[in-house]
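Below: the structure, in structure tokens.
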Amino acid sequence: MTYRRGSGVETATHGGYLRIGARVAVPVRRASVVTASVLLLLLLAAAVATLTAGRLGVGLADLPAALLGNAEGKNRFVLNRLRGPRLTVAIGTGAALGLSGALFQSVTRNPLGSPDVIGLGAGAGAGAAFSALMFPGTVPAVVGALAGALLAMALVYVSTGTGFRNPARLVIAGIGVAAMGTALTQYVVYAMERDKASALTAYVNGSLTARSWDDTTMIWVVLLAVAPLTALMSRRLNIAEMGDDIATGLGSEPKRTKTAAVLLAIALSAAAVTVAGPISFIALTAPQIARRVTRGTGPHLMLSALTGALLLVLADLCSQQLPLFDDLPVGIYTMAIGGAYLGYLLIREWRNGSL
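Mapping of the sequence shown onto this note's numbering: residues 77 to 431, in sequence order.
Listed below in structure tokens is the structure:
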């Protein structure tokens, strides 16, 4: 894997290519490389804080040995059962959501495009709620959530009349499906017994509590399988952002690119929902932060993934360590941050005449 300066457009934008093998060349900019390095350092610092902070934390001096497999007693329990799986699930889920949001926003050419907006999270919550109400103790919440997410996407696909190719119809259909999913979830929570409803509410708000290494394996298998595919189509996504007419004139196939990007984004979001529940707004905010920090065009796929991972790890660190909100579902933190950011985006789009 090498980084080489390009020529023409690449030189003009102070960039080059990140080459993976002989056939894959991903365009990058110097600002993106610097930003990725900073994000990685911040993510490392947040990960260390997650493992070491608090009464149950692994001592900082003991952490290197523990990570190498030499942990004993309390440190081994904390690393292998409490915080290790939770941290790795948070990183993988945040990265998957950030990458999914970048794909959606690139396809729709809209800063409000995300899995949250098109109803995937609400469908997952409704599926988990429905399974808890109709099949208590027999169908796990994660199975219901995955089924609900896939059903929601099927409804969106049918409702648009054009599949996933028309971004405007995609968002409108998604809002309708999200409203129906939220209504079903609220009905189930109201109808269920208090104890069961409390457990369900924690899940549908997005939670990283009691994660396992099986959850880690699930999210990382999907992430590592899909991420290279998104890298392969990054150039086509850049061209598609210029508009369908220009993309077609350049020999690209924008409709196929959009459909493929949406399918990959759905796979990432569905995997994230399966292991952590519907965590809101990471997919919305992470790509926007990445784009604004680098001040560049394009989907910024890798930076969006890193930003999403950092945001979710920081939110989970707050969930674990802030005494006022002891172990509050991490999705509530992301909703608070993302809701404020969504309001900012709506006001900006209104002022720009886009709404």
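Note that the Cβ used here is the ideal one computed from N, Cα and C, for glycine as well.
| Item | Value |
| --- | --- |
| Alpha-carbon to alpha-carbon, D291 and S380 | 22 Å |
| CB contact flag (L339, A362, <7 Å) | no |
| Where the alpha helix (DSSP H) through M294 begins and ends | W289 to L308 |
| Proximity to I281 [Cα-Cα], best of D403, A122, G419 and T126 | The sequence given here places Asn at residue 281; Ile does not occur at that position. Minimum Cα distance to N281 is reached at D403. |
| Extent of the continuous alpha helix (DSSP H) to which G220 belongs | A217 to T236 |
| Nearest-angstrom Cα separation, counted from T324 out to Q396 | 50 Å |
| Rounded straight-line distance, which links the Cα of V247 to that of T236 | 9 Å |
| Opening and closing residue of the alpha helix (DSSP H) in which N151 lies | G149 to F153 |
| Neighbourhood of L132 by C-beta, 6 Å cutoff - its chain only, sequence neighbours within 5 removed | V154 |
| Three-state secondary structure (DSSP) of R424 | helix |
| Continuous alpha helix (DSSP H) stretch holding R368: start and end | I358 to T370 |
| Coil, strand or helix - V253 by DSSP | helix |
| Assumed close pair A228, G195 - CB separation to whole angstroms, cut-off 8 Å | 5 Å |
| Cβ neighbours of S68 in the same chain (closer than 8 Å, five flanking residues each side left out) | No answer is possible for residue 68: it lies beyond the span of the chain, which begins at 77 and ends at 431. |
| Residue environment, Y79, which counts as buried when at least 16 other CB atoms sit within 10 Å | Note that Y79 scores 41 on pLDDT, short of 50, meaning its location in the model is unreliable and no value can be drawn from it. |
| Beta-carbon spacing of I358, T410 below 7 Å | yes |
| Pairwise C-alpha distance: V406 and D392 | 6 Å |
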